[in-house]
Amino acid sequence: MLRLTVLSGARAGSRVEIARPVVRIGRAPDNDLSLDPNLDLDASAHHAEIRADAGTWVLVDVGSRNGVFLPLDGLRRIQQHALGAHDQFQLGPQGPRVQVEVLAPPPGANAQRYGAPQHAWPQDAPPPPAPWGHQPAMHAPHGMPAASPMPGMQGSMQGSMHGSMQGSMQGSMQGSMQGSMEGARQAPTQEAFAAMPGAAPPGIPPLQPPPGPAPKMGQQTLLAHVGAMLQQQRRGKSTIEIKAMVEKETKKATGKLKAIIGVLVVATLAAIAGLAVVALRAEKDPAELRKEYEQALKNLAMNDPKRKELEKKLAGLAGQDGNIGRRIYEENQKALFMLVAHHGKKYEKGGFCTAFAIRPRLLASNAHCVKAAEDFEDKGADIWVHLNESNKGSGDPKMFKVARHEGHPKYRHHGMNITPDVGLFVLEEDDAPALVKVADKADLKKLGTGDSLFVIGFPGRTMDEGSPVAVFMFSHVGRVTDALGQRAESFEDAWLIQHEGQTTPGTSGSPIFNGEGKVVAINAGGLLESNKQSVYKYAMRIDLLKDIDVDEGSAPKKKKKKKSDDDD
């Protein structure tokens, strides 16, 4: 299997993986790697092939016009060349360059040639895991006895028979908390009381533990009750009274704990119910929510404070709407037009730009499209716009005649630097059937590198003046700069937007939408590399249109005198 990556040319960045014994390369569409037939002119229609030959991939020139070259070998021209695991070739001395990666050799190939490992080194197997539940034996330090289970309160009570009640409690602290509780529930014998200083008078019957499990309590609670026991002992209280007090306090603590647990359970259930409501709400179709919000916005005044809240919710839906591209196209397809030069009743091959409606009789496009319209008019043509997807049969599409047009006052055709390339076209009679939503200043200030963009226009190769159908293209903001491509010092200067959309002549004047479906820019052109490949596309921020003064009335247009120098 081979992976072919186009490094330069009109389709730079495209990549294919092919598992065939013969891989054909050239400009013709039937090739396995098909290059651009209009821009990659150094390549022939069927230029080269990569063939599996005796276990090796071999690059073969199949009679091309400009030859096959090896850029990694001094641009040496070859007729046949055995490819390595990572290799490059070029179609023509200045044509597209292609990188070859051998993912799998052909049958019978030498594995070492393509980088396959020669040895498989054994690895030590890890030790088997210990049985589940096994714990390593604990060993006592040298000179000390091995650890044993912690003694219960009974042992501490035995210690109390040889000392005071204070010593007894010290013994109880050395036992486990469970043992302490068990010991607290067991009464000492009369002999033990007789041996204790300050013991109760003889005749008291031995105490028996109450039936049922011992109530549980925390360590701090136990210590507090033990302290109370010591104080009561000093006051002459009997062991029975002390035991009753301990049980009473334990019941109080348990009751409070139950109340706290109950409150926590109720709060948890309420939180779960709230999350369920939110989840059910989130499952609602984003398109339906969008319609609800948009309808609510129509019913609110422009200065209503609720508008901002609804607009934020609309913006938040953009990331949830998995079909956002189709929604943007369907909402704006009747606001898109192809600019066409008519020579009498003929308009074939007259399409030259894209435009879109921002007001009923006002279309936005590029200033260089205005210049092209003036050139057509100087040759006796009239300028019309053809509505997108308006020809449903064999007749003509819906057409609107242009009354006048105006470019940005600072635009310079063929200038040394990029200038504001935006323009306006005024319709003579009928209104456009739909309008795009234009981003305001707040929307434009939020625009930044990496934001998703959506471009709709009429690429030159797909232009059909008799049946115009626009093309949808996905893009991102590459960067936002000033006219010189440098970091802008202010918002007003940051009107040049670089993007990655695959645009071509004909998409000049195309609207560029953000994720909310608002037009933020107008596609304008591309920056050329040394091989005349337009890699970097750029657009004009939409608010540049405000600087154009144009009469939107329906009076016939007046022809302007042709300027002798467009750069002045």
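So the sequence shown is numbered by our numbering: it starts at 1 and just counts up by one. Don't be surprised by glycine CBs; every beta carbon is placed ideally from N, CA and C. Please read all numbers here as calculations on a predicted model, not as lab measurements.
Note that the C-beta distance between Lys446 and Phe491 is not below 8 angstroms.
Taking the CA atoms as reference points, Glu309 sits about 48 angstroms from Phe376. Here Ala296 has Leu310 as same chain residues with Cβ atoms under 7 angstroms from its own Cβ, once five neighbours each way along the sequence are excluded.
Listed in chain order, the non-local C-beta contacts of Phe400 below 6 angstroms within the same chain comprise Val385, Leu427, Asp430, local neighbours out to five positions each way being set aside.
The straight-line gap separating the alpha-carbon atoms of Gly509 and Ala521 is approximately 9 angstroms. Under the three-pair Cβ rule at 8 angstroms, the region 363 to 370 counts as touching the region 403 to 422.
Annotated as distal: Met473 and Gly351, with beta-carbon spacing of 8 angstroms or more.
Secondary structure note for Asp61: it is in no alpha helix (DSSP H), and the uninterrupted beta strand (DSSP E) holding it is 56 to 61. Inter-residue distance for Glu247 and Lys313 is about 59 angstroms (C-alpha atoms, whole angstroms). Contact between Met338 and Val422 fails: their C-beta atoms lie close to 18 angstroms from each other, not under 8 angstroms.
Counting only unbroken stretches of 4 or more residues, the alpha helix (DSSP H) elements lying wholly within the region 336 to 395 are 367 to 378, in sequence order. DSSP lists Ile522 as the beta-bridge partner residues of Pro511. Around the C-beta of Asn38, fewer than 16 other C-beta atoms lie within 10 Å, and the residue is accordingly described as exposed. The criterion of a C-beta distance shorter than 8 angstroms is not satisfied by Leu424 and Phe513. Non-local beta-carbon contacts of Gln88 in its own chain, meaning distances under 8 angstroms to residues more than five positions away in sequence, involve Leu7, Leu70, Pro71, Leu72, Arg97, Val98, Gln99, Val100 in chain order. Beta-bridge pairing by DSSP links Val100 to Leu4, Asp87.
Of the residues Ala341, Ala483, Asp440, Val477, the one whose Cα lies closest to the Cα of Tyr411 is Ala483.
Under the Cβ criterion (8 angstroms, minimum of three pairs), the region 45 to 54 counts as touching the region 21 to 28. When DSSP states are grouped into helix, strand and coil, Glu406 belongs to the strand group. In the DSSP secondary-structure assignment, Ala43 is not bridged to any residue. The beta-bridge partner set that DSSP reports for Lys437 consists of Lys518.
In its chain, beyond the 5 residues on either side, Arg15, Gln99 have a beta carbon closer than 6 angstroms to the beta carbon of Thr5. Collapsing the DSSP output to three states places Val550 in coil. Gln80 carries a strand assignment under DSSP once its states are collapsed to helix, strand and coil. Just so you know, the alpha carbons of Asp30 and Ala43 end up roughly 14 angstroms apart. Just measuring C-alpha positions, the residue of Glu500, Pro468, Ile456 sitting nearest Val519 is Ile456.
Ranking His499, Leu83, Gly63, Glu288 by CA distance to the CA of Ala104 puts Leu83 first. Under the three-state reduction of DSSP, Tyr411 is assigned to coil, being neither helix nor strand.
If you draw a straight line from the Cα of Arg3 to the Cα of Pro505, it comes to about 31 angstroms.
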